[in-house]
Amino acid sequence: MTGVYNADCGDEISRWLTRYFAAGKTFRLVHYELQMKPRKSVKIEPLFPADEEVAYSDSAAVMLLSEAAVKDLSSRLDKDVTVSRFHPNIVVSDCEAFGEDSCYDLQIGSVRIKWVMACGRCILTTIDPETGIITRKEPLDTLKSYRQCDPSQKKIYKTSPLFGQYYISKQTGILHVGEPVYTISY
1 MTGVYNADCG
11 DEISRWLTRY
21 FAAGKTFRLV
31 HYELQMKPRK
41 SVKIEPLFPA
51 DEEVAYSDSA
61 AVMLLSEAAV
71 KDLSSRLDKD
81 VTVSRFHPNI
91 VVSDCEAFGE
101 DSCYDLQIGS
111 VRIKWVMACG
121 RCILTTIDPE
131 TGIITRKEPL
141 DTLKSYRQCD
151 PSQKKIYKTS
161 PLFGQYYISK
171 QTGILHVGEP
181 VYTISY
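Just so it is clear: in the sequence shown, position 60 is 60 by the UniProt record's numbering, and no numbers are missing.
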């Protein structure tokens, strides 16, 4: 990601993180400060509202994915994948695989989110988050075999398979694990 601004939290926390993770490499902790300039989502994906801004994510503040979709994908692969490979920040359970594809306005506790577009997946999904090993093929090739967009949407998604959904926040609040997710109908 380019154009992402952050403030480094310093050497002391870096040393602590590096010792804690004991991975043979140096870690830094950064955070986003209010005076820093966020990126406009619409410059990344034209379907986003002009006023939507993000700091660290690719294009959306919210990416939602169901556990059932990940389980469905794993059933098609030689090796199981976990939800962490896809970096959602909301994971839903107790729904059918790809049920999130038809959820447009949602409420979770006091939080309301509105659907913008599907998440077109890229080569980053081929990196195992546990090992850091990249395969360059899976699960992307398998996703491409059954999760393509409608031909009328090729201009938006090109050849990227769709897995997960992007949302914008309409009413902010605090989410809690286990809260029910409600579809809002108008």
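For every residue, glycine included, the Cβ atom is placed at its ideal position computed from N, Cα and C.
Taking 6 Å as the limit between beta carbons, can you name the residues of its chain near Gln107, skipping five residues before and five after? As a position in the sequence shown, residue 107 is number 107, starting the count at 1. Closer than 6 Å at the Cβ level, and outside the excluded window around Gln107, lie Tyr182 and Ile184.
Return helix, strand or coil for Leu47, following the three-state DSSP convention. Position 47 of the sequence shown holds residue 47. Coil at Leu47, not helix or strand.
Where does Gln148 fall in DSSP's three states? Your numbering for residue 148 matches position 148 in the sequence shown. Shown here, Gln148 sits in coil according to DSSP, grouped into three states, outside any helix or strand.
I need the straight-line Cα distance from Val42 to Asp58, nearest angstrom please. Counting from 1 along the sequence shown, the entry for residue 42 is found at position 42. Counting from 1 along the sequence shown, the entry for residue 58 is found at position 58. If I take the Cα positions, the gap works out to 11 Å.
Lys114 to Tyr104 span [Cα, whole Å]: Locating residue 114 in the sequence shown gives position 114, counting from the first residue. Locating residue 104 in the sequence shown gives position 104, counting from the first residue. Each residue's Cα considered, the two are about 6 Å apart.
Compute the beta-carbon to beta-carbon distance between Cys122 and Leu162, rounded to the nearest angstrom, for a pair I have assumed lies under 8 Å. Along the sequence shown, read from residue 1 onward, the residue named residue 122 stands at position 122. Along the sequence shown, read from residue 1 onward, the residue named residue 162 stands at position 162. Between Leu162 and Cys122 the Cβ distance is about 12 Å, and since that is not below 8 Å, they are no contact.
Would you identify the three-state DSSP class for Phe98, choosing helix, strand or coil? The count along the sequence shown starts at 1 and reaches residue 98 at position 98. Of the three classes helix, strand and coil, the one that applies to Phe98 here is coil, per DSSP.
Tell me whether Ile168 sits in a helix, a strand or coil according to DSSP, three-state version. One-based indexing of the sequence shown puts residue 168 at position 168. Correct three-state label for Ile168: strand.
Whole angstroms are fine: how far does the CA of Phe86 sit from the CA of Ala23? The sequence position of residue 23 within the sequence shown is 23, counting from 1. The sequence position of residue 86 within the sequence shown is 86, counting from 1. So the alpha carbons of these two residues sit roughly 22 Å apart.
Given that a residue counts as buried once 16 or more other Cβ atoms are within 10 Å of its Cβ, and exposed if not, what is Glu100? Your numbering for residue 100 matches position 100 in the sequence shown. Result: buried.
State the DSSP-derived secondary structure class of Thr142, mapped to helix, strand or coil. On the sequence shown, position 142 is the one that residue 142 refers to. Looking at Thr142 - three-state DSSP - the assignment turns out to be helix.
Can you tell me which of the three DSSP states Met1 falls into? Looking up residue 1 in the sequence shown gives position 1. Note on Met1: pLDDT 44, under 50, position unreliable in the model; the coordinate value appears next. Here Met1 sits in coil by DSSP.
Starting from Lys155, trace the alpha helix (DSSP H) in both directions and tell me its first and last residue. Along the sequence shown, one-based indexing puts residue 155 at 155. Per DSSP, Lys155 belongs to the alpha helix (DSSP H) from Lys154 to Tyr157.
Measure the CB-CB distance between Glu45 and Ala68 and report whether it falls below 7 Å. Here residue 45 is taken as the residue at index 45 of the sequence shown, counted from 1. Here residue 68 is taken as the residue at index 68 of the sequence shown, counted from 1. Annotated as distal: Glu45 and Ala68, with beta-carbon spacing of 7 Å or more.
Three-state secondary structure (DSSP) of Leu175: Stepping through the sequence shown from its first residue, residue 175 is reached at position 175. It is coil, neither helix nor strand.
Inter-residue spacing [alpha-carbon to alpha-carbon] between Asp78 and Trp16: On the sequence shown, residue 78 is found 78 positions in, with the first residue counted as 1. On the sequence shown, residue 16 is found 16 positions in, with the first residue counted as 1. Their backbone Cα atoms lie some 38 Å apart in a straight line.
Under the assumption that Ala60 contacts Ile168 (Cβ atoms under 8 Å), give the Cβ distance between them as a whole number of angstroms. Position 60 of the sequence shown, counted from the first residue, corresponds to residue 60. Position 168 of the sequence shown, counted from the first residue, corresponds to residue 168. Contact flag correct, Cβ pair sits at about 7 Å.
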